[in-house]
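With full-length UniProt numbering, the residue at position 21 of the sequence shown is 21, and numbering never jumps. Where is the CB? At the ideal position from N, CA and C, for every residue including glycine.
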Amino acid sequence: LFISYFHLVMEVIGSRRRSSLSFAENSVSTFPLYREAPELEVRLEDFELYAVDRLRVLKGISDGLSRGKKPNEMEDLVKQLWKANMKHPDETQVVNKDIISHFVLRLVYCRDEELRRWFLSMEASLFRYRFLLETPDVQRSLLLEFDLPYKAVSNAEYESLKDKLNQVIRSTGQSISSVDSIYYKVPFEQVPDLVGNRRVFILKGLAYVAMNQVVSLLVTEYRSNLSKALVLTNRKWIAMIKEQEKDRLTPIVEALSTSYLGPDYNQPNDHTELSLVDIDKVAKRSFPLCMRHLFDKLRDDHHLKHGGRLQLNLFLKGAGLKLDDALEFWKSEFSKKVGAERFDKEYAYAIRHGYGKEGKRTDYTPYSCQKIICSTPGVGEHHGCPYRQFGEENLRVALCSMGVGNRALEEVIGKVRNRHYQLACTLTFEAIHGASCDEGINHPNQYYSDSKKISESR
Ligand code: SF4
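Put into C-alpha cells, the structure is as follows:
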C-alpha cells in the first residue's frame, strides 16, 4: 500500500542525508511496472525535483496528443521528452528516479476525479510509447510479466480465419509479411482503441489481437491497475497522509498539481515594457484573452473585484508597467467610480503590495495559465481563464473581436469543448499572429512577450 511506501518503507529525509539503498541494484528491468512502492529513501528536494521532471514529460505528451500528433510523431516526442527530462547524473539512479517520480505523482494526482483522469491517461500514453520503443525481447518479457489470461489462437483456427485476418491487416495499410501470425483472443471491450479504429477482426464478441497490437492489451491492464491504485492512494491520503505530513509533504504535493514549469515572468524581459501612452493599443494587440477581458472590464466598469485586480496587476507588472504608472492607471479608472480619495485609502495599498512595496515585501509572481485556469470566479468577477469560464456564444464573440477567422475559430472552439484551454489559447495566438507557437501558451506573460517579439520584428 502507498502509505507503507511513505511511512514504513520510503523515508523522505532532509537534505543532509543521502539515499542509502539503491532500488536499481535489485531491479531486473529498466522498465518498471510500478506494482509496488520501492524500498528506498529519498531526499526531500529529490522528491519534488523528480516529480517536476516527470511532469514535464507528461505535460509534453498532453500537448502532443491535443495537437493531434500521429502515433509515429508521438513515439519520437516521447523519446525526446524522456531523454531530456528523466536522465540522472548517476546511471544507477535512473530507474529509481523513474519509480520515485511515478509514485510521487500518484500522490499529487490521486486527489480528485479530474486530476486522476488526466494522470491516468498521460501515464497510459507514456507506457504505450515507451513499450513501442523497446526491443522485441524486452516487449516479450514485459508481456510475460503481465501474465495475461488470454488464449493464443491455435494453428487450425488461424488457418481457417487467415483470409479475414489478412483482410484487416491490408485495410490498415500494413503489409501481411510485417505482421506476426500469433494472435490472441480477447473480449472486444478490452481493446477499445483497436475496435474504435477498426484495426481488429471480431468474431462472437472476441477480438483477434495480433502480436504487434498487444500493446493495447497491456495498456488496458496497466491503466486498470493504476486506476485502482489511485483510488486507494486517495483514501490513504485523506485518512492519514494529508494530516500527518501537513508541514512537510502536503504543501509540496498540493502545489505540484498546479505547478507551472516555465520562467516566472516576475521581471520584465527585453520584449516587455509597457507605458501608459500606448497601453490600450498594446492591450488590443498583445494581451491574451484573460487579460484583455479584465482590461476591457476595468475600462468599462471602472472597477474590478479582488481576484481580477490581483490577476491583472501582477500581469501588468510582469509586462513591464512601472509601479508609478500602475498606480496612475488604476487610479484613473477607480476614481471614476469610487473617487480618488477612496482609491488612495482602500485600493492603492494592494497595487503596491503586488509590486512588493508593502507588507512582507514579497515580489509576487504573475500567475501562470495553470493557476488562472484553476481559479473559480464568482458572480460579478472577471478573473480566471475565459476559455474555461465563458459560454460558447460569448467566447465566439470575444474571439471574433480579437480577429480570429472562421476556420481557426472552429478549431479553437473544438479544443475548448475538449477542455484543452491552453491549446485553444495557443491556436488563438497562432491565428492572430500568423506564426506558430510550438511550445504552446503556458503563461499570459509568455503570450504577451511572444506577441511583442513578433510585432517588433515586423
Ligand atoms: Fe490566459 Fe492562459 Fe487562459 Fe490564455 S490559456 S486566456 S493566457 S489563462
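| Item | Value |
| --- | --- |
| Contact test: PRO32 Cβ vs the ligand SF4 heavy atom, cutoff 7 angstroms | no |
| Residue(s) in a DSSP beta bridge with VAL186 | ALA207 |
| Distance, LEU33 Cα to ALA435 Cα | 41 angstroms |
| Reduced DSSP category for ARG43 - H, G, I as helix; E, B as strand; rest coil | strand |
| Limits of the unbroken alpha helix (DSSP H) element including THR220 | 214–236 |
| Buried or exposed by the 16-neighbour rule on C-beta atoms within 10 Å, applied to SER457 | exposed |
| Limits of the alpha helix (DSSP H) - the one that SER160 falls within | 155–171 |
| TYR184 Cβ short of 7 angstroms to the ligand SF4 heavy atom set | no |
| 8 angstroms Cβ cutoff met for LEU395 and THR428 | no |
| Distance cut-off 7 angstroms: ILE372 Cβ against heavy atoms of the ligand SF4 | yes |
| Proximity test, LEU289 beta-carbon vs the ligand GDP heavy atom, cut-off 7 angstroms | The model on display carries the ligand SF4 but not the ligand GDP. |
| ALA152 (DSSP reduced to helix, strand or coil) | strand |
| Status (buried if at least 16 other CB within 10 Å, exposed otherwise) for residue 501 | Beyond the ends of the chain as shown, which are 1 and 458, falls residue 501; an answer cannot be given. |
| Where the alpha helix (DSSP H) through CYS290 begins and ends | 289–301 |
| Backbone CA spacing between ARG111 and ASP344 [nearest angstrom] | 42 angstroms |
| CB-CB length for VAL95 against THR30, believed under 8 angstroms | 6 angstroms |
| Neighbour-count burial assignment, ASN234, 16 or more Cβ in a 10 Å radius | buried |
| Buried or exposed by the 16-neighbour rule on C-beta atoms within 10 Å, applied to ASN26 | For ASN26, the predicted model reports a pLDDT of 41, less than 50, meaning its position is unreliable; a value from the coordinates is still stated below. Exposed is the call here. |
| Alpha-carbon to alpha-carbon, MET211 and ARG140 | 10 angstroms |
| Simplified DSSP state of ILE99, which is helix, strand or coil | helix |
| Residue 517: first and last residue of the uninterrupted alpha helix (DSSP H) it sits in | The shown model of the chain, from 1 to 458, leaves out residue 517, and the question about it has no answer. |
| Per-residue burial, TYR349 [other beta carbons within 10 Å of its own, 16 or more giving buried] | exposed |
| Runs of alpha helix (DSSP H) wholly within the segment 344–404 (minimum 4 residues, chain order) | 348–354, 369–374, 386–389 and 392–402 |
| Cutoff 8 angstroms; reference LYS87; Cβ partners in own chain excluding five residues on either side | VAL94 |
| Between the CA atoms of ARG43 and GLY384 - distance to the nearest angstrom | 36 angstroms |
| Residue span of the alpha helix (DSSP H) that contains ASP264, given as start and end | Run containing ASP264: none; DSSP gives neither H nor E here. |
| Candidates ALA319, PRO288, SER125 and LYS305, of which the one nearest LYS70 by Cα | SER125 |
| Inter-residue Cα distance where the pair is PRO102 and ALA51 | Per the sequence presented here, residue 102 reads as His, with Pro not at that position. If you take the alpha carbons of HIS102 and ALA51, they lie about 7 angstroms apart. |
| When GLN311, SER66, LYS164 and LEU256 are compared against LEU55, the one with the closest alpha-carbon | LEU256 |
| Nearest candidate by alpha-carbon position, reference THR250, set PRO38, VAL57 and GLU48 | GLU48 |
| Beta-carbon spacing of PHE329, HIS303 below 8 angstroms | no |
| Residue from PHE287, TYR364 and GLU36 with nearest C-alpha to LEU230 | GLU36 |
| LEU321 - DSSP class collapsed to helix/strand/coil | strand |
| Reduced DSSP category for ILE441 - H, G, I as helix; E, B as strand; rest coil | coil |
| Closest residue to GLU165 among VAL404, GLN213, PRO444 and HIS433 (Cα-Cα distance) | Per the sequence presented here, residue 165 reads as Leu, with Glu not at that position. Per the Cα distances, GLN213. |
| Straight-line gap, GLU39 to ASP46 (C-alpha atoms, nearest Å) | 16 angstroms |
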